[in-house]
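Here is the structure we will look at, set down as structure tokens.
Number of protein chains: 2
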Amino acid sequence: MRNDHNTPGPIAAIISTGDELVNGRTVDTNATFIAERLGAIGIEVRSVITVGDYPDRIVWAWQHSLAHAEVVISTGGLGPTADDLTSESVARVAGTELRLDETEAERIRQHFQKVGRPMPENNLKQALFPVGAEIIPNKLGTAAGYRVVVPLNERRPIAVVLPGVPREMKAMLEDQIIPWLLRQAPEDRCTLSRTFQTFGMSESALDEALEGAIDPDKGRLSFRASFPQVSVRVTVTDRRTHAERRLEELAQIVRERLGAAVIAEGETTMEDVVGRLLREHKRTLAVAESCSGGLVGNRITNVPGSSSYFVGGVIAYSNELKQRLLGVQQSTLTSHGAVSEETAREMALGARRATGADLGIATTGIAGPDGGTAEKPVGTVVIALAADGLDSDNVRSRIYRLWGNREWVKLLTSQVALDWVRRYLLGLDPLTSVFGMRGRKH
Amino acid sequence: MRNDHNTPGPIAAIISTGDELVNGRTVDTNATFIAERLGAIGIEVRSVITVGDYPDRIVWAWQHSLAHAEVVISTGGLGPTADDLTSESVARVAGTELRLDETEAERIRQHFQKVGRPMPENNLKQALFPVGAEIIPNKLGTAAGYRVVVPLNERRPIAVVLPGVPREMKAMLEDQIIPWLLRQAPEDRCTLSRTFQTFGMSESALDEALEGAIDPDKGRLSFRASFPQVSVRVTVTDRRTHAERRLEELAQIVRERLGAAVIAEGETTMEDVVGRLLREHKRTLAVAESCSGGLVGNRITNVPGSSSYFVGGVIAYSNELKQRLLGVQQSTLTSHGAVSEETAREMALGARRATGADLGIATTGIAGPDGGTAEKPVGTVVIALAADGLDSDNVRSRIYRLWGNREWVKLLTSQVALDWVRRYLLGLDPLTSVFGMRGRKH
């Protein structure tokens, strides 16, 4: 069983306020942003509570958040209209009242003067703050934020109140809240982490491979599956002078245990890695896609600058196009079928020939839900790679049995195809690409 | 002051569980999805609580959610690893224990047998459920969900536990939870809704276009932006005998106000609509993709059965491939550039010629972040369609100025390209395809 507090910093909680967040109209990206920024400085977020614009619910959220956190950061509910209720709720929880801040009131008046519009009287509401609040200026909008201590039995947790507009909230968090939080931390502690992107092992297989690798007193492992990649993160908290060395020690253990399943360190994707390798090795790539339908090309071209190594290729969805544009033989299709190693190899070779690229990667398969047979069920996929130095005739191929629905089969096909390119460029046998992912964390 | 309960159905709460949600690695889109679906059937969400994978915090979230809601829907924490703790926490809150369900255990064993991998022993954890739970099958993954009554003083709120994988969660919610919730409503009342998928208008433009259209006493409107589509849902709650007629009345108002911006009714995508139209009109389609890099083909082939109307095409990312495979003239590229109406038209015509398809759709543009010029900034995209009956030479084209990052420009490009095919098949001028989306609401 995991213990209840892993990080050295104070415990934080986040509150997101707004009807649009609980009726499904808006995804709450503010909480994610704040949580990531806090985590990066070693502050753990214990809870995120989201409520609509009702005073009782906002008070409820504050009471429960303040009960287990030393810092509670809230966004939303600071606008000028009747359903903006954060400040009066905070005042209620803090057992105090709202008071007009003349400086802020003047700033709001001037803002309206500057933009040449009359100020609706209710805008002055944005100059009301709980007694004792330290105002956090908002350079990008009219809603200032604030910090205020909320006496709660013996404790004195701090409420940090920010507007809900992401641009304004982010600027205030980065420029004012994060520096303030860092000033609160003990001088000599810091939290560092490193992320490994993997492919070829399921989350549970990674879990097993890393069992006992990291002493829980030294560091912490976490996993995130973003199908078809799984990332592993190792985090340490230590004295400033020790943290970096310890992180590197633990990272080395992860590297050794996971081997070639690690496709990269840091926040990156398979297509980024493949792009970087193609660029480094000065090779160009072409695709011949049947069952992946353009997905391999689409992923490769999601990487900025991919035009320097990706020439394009053929989406050969019909058999006719496999022949017309890639030169697959009619006899090959007749005797082995479109989903066969023979066809895939001719497609990969055809992609090189038709485009002049250094590497040709081909996919053909049955993505389903229809089209499967007893011999070649849905999920049967063939990958082939044509490139200098592969086997005797510069091409390799393999049949896979993939699973999942149509989109998963396509996605997994594209991932294996990209992993073949990666392994070839690293000087590994492409056929060592394995996989057993389950997709996102359940 | 607003009253505290606006909708006719029961009060709900949502819990999202997972370290990745409170450390900023993953944006919680599950809660938004669930909130929107509940809102559409008249169930109000009072709170969303997000916690990491710690038993005490999960229990805390359940206790506080169950205290003010009749139905609590949770996602996450149902995986096979040690940090998947939802079920044991729910059992603790419900004052019961976990028990192995043999049927589920067998299903999991068979799943691993089918994919030909040994089952890690810890996967059997996914067959443990609180005593009294009604299992909700998961057709797309190994983590089944369940419903269980949690006796709480005099109340008997219901816990609904779903996996965190969005695809699996969504299918289980749509197919099993929503129908079950609808069956809980009083016998003579029912809630019906209809969804319109739109393209070409921003959420605020839709909001304006529908202003005053629906009497709030008769029905409710809700919006969901899933870039680049925005869906509009109209919902009525009424006596069984009246609901259907009223819904149709309101749906007709929406249809009239939104016109051709509605691409379909129901849960469907642009590629589904285009596929259905191609099939109905017995036409085949080929692509010639430059800046979209394979995305148009990828989206078309996400639709099962697309091989009956999609032949494939060319990803002509380099200028050389535009010439080699699509027959674009060197002189056209030299005098007008790759991103020009002239090049796009030759690409679209070339796609038809090279493949023999009835329609050829071409994209070329500057997806960024590099490659823009003063005359053709990042986001400049040209779409061309070649098909019988278009203008004098069977091809039309248009330059667009799109916005957003590289992936948005690509996505929007593919959406406009598909909308051209849709409009052409409907007998409309493809150039009437407009759009003014801003992306997500702040």
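Going down the list, the sequences are from chains H and C. If you want the numbering used here, it's the 1-based position in the first sequence plus 461. If you want the numbering used here, it's the 1-based position in the second sequence plus 461. From the three backbone atoms N, C-alpha and C, an ideal C-beta is built for every residue, glycine too.
CA-to-CA distance, residue j to residue i, given in whole angstroms
i, j, result
"C/R578", "C/E629", "21 angstroms"
"C/A704", "C/C651", "7 angstroms"
"C/G897", "C/G826", "Unreliable positioning characterises C/G897 in this predicted model, as indicated by a pLDDT of 38, which lies under 50. A coordinate reading is not provided."
"H/G556", "H/E709", "48 angstroms"
"H/I714", "H/A670", "11 angstroms"
"C/E717", "C/Q690", "19 angstroms"
"C/T874", "H/N780", "27 angstroms"
"C/L738", "H/I519", "49 angstroms"
"C/H529", "C/I472", "8 angstroms"
"C/G479", "C/D514", "5 angstroms"
"H/C752", "H/V693", "30 angstroms"
"C/R785", "H/A712", "48 angstroms"
"C/V611", "C/V551", "9 angstroms"
"H/R813", "C/A632", "41 angstroms"
"C/T793", "H/M662", "49 angstroms"
"C/T893", "H/G602", "37 angstroms"
"C/G817", "H/L863", "32 angstroms"
Amino acids of chain H, ordered along the chain, whose beta-carbon sits closer than 7 angstroms to that of residue i
i, result
"C/K830", "First, the residue type needs correcting, since residue 830 of chain C is Pro and not Lys in the sequence shown. Near C/P830 (Cβ distances below 7 angstroms), the residues of chain H are P765."
"C/T542", "E664, S665, D668"
"C/A496", "V483, N484, G485"
"C/G736", "Ordered by position in chain H, no residue passes the 7 angstroms Cβ test against C/G736, which lies about 12 angstroms from the chain."
"C/F684", "R486"
Segment limits, alpha helix (DSSP H) that includes residue i
i, result
"H/L872", "867-886"
"H/S792", "791-797"
"H/I495", "490-501"
"H/G758", "756-761"
"H/E750", "Run containing H/E750: none in the alpha helix (DSSP H); it sits in the beta strand (DSSP E), 746-750."
Residue i, buried or exposed, once every other Cβ within 10 Å from all chains shown has been counted against 16
i, result
"C/P591", "buried"
"H/N759", "buried"
"H/T547", "buried"
"C/N491", "buried"
"H/E481", "buried"
"H/P891", "buried"
"C/R498", "buried"
"C/A474", "buried"
"C/P618", "buried"
"H/E635", "exposed"
"H/P677", "exposed"
"C/D852", "exposed"
"H/G720", "exposed"
"H/A835", "exposed"
"C/P541", "buried"
Chain H residues whose Cβ lies nearer than 9 angstroms to that of residue i
i, result
"C/P581", "S663, S665, A666, D668, E669"
"C/T816", "S779, E781, L782, R785, L786"
"C/G755", "V748, E750, S753, G754, G755, L756, V757, G758, N759, R760, I761, T762, G773, G774, I776"
"C/H525", "I510, W521, H525"
"C/S768", "Y778, S779, G832"
Start and end residues, beta strand (DSSP E) containing residue i
i, result
"C/S654", "650-659"
"H/E595", "595-597"
"H/L925", "Only positions 462 to 903 of chain H appear in this structure, which leaves residue 925 of chain H out of reach."
"C/E505", "505-512"
"C/D699", "690-700"
"H/T685", "According to the sequence as given, residue 685 of chain H is Arg; it is not Thr. Where H/R685 is concerned, the enclosing beta strand (DSSP E) stretches over 681-687."
"H/V843", "841-847"
"H/V775", "771-777"
Residues that residue i bridges to, as DSSP identifies them
i, result
"H/V734", "Paired residues: none, contrary to the question."
"C/L589", "C/L561"
"H/E726", "H/F657"
"H/A543", "Bridge partners of H/A543: none, in fact."
Proximal residues of chain H, C-beta to C-beta of residue i below 8 angstroms
i, result
"C/I639", "By Cβ distance, chain H contributes nothing, its closest Cβ being about 13 angstroms from C/I639, past 8 angstroms."
"C/G577", "R862"
"C/T696", "Residues of chain H passing the Cβ test: none, with the nearest at roughly 12 angstroms."
Under 9 angstroms from the C-beta of residue i: neighbouring residues of chain C
i, result
"H/L889", "Neighbours of H/L889 on chain C: none; closest Cβ ~22 angstroms, over 9 angstroms."
"H/G500", "V483, N484, G485, R486"
Listed by chain order, chain C residues near residue i by CB distance under 7 angstroms
i, result
"H/N866", "L601"
"H/T490", "V488"
Contact set between residue i and chain C, taken where Cβ atoms lie within less than 8 angstroms
i, result
"H/R507", "V483, V512, G513, R518"
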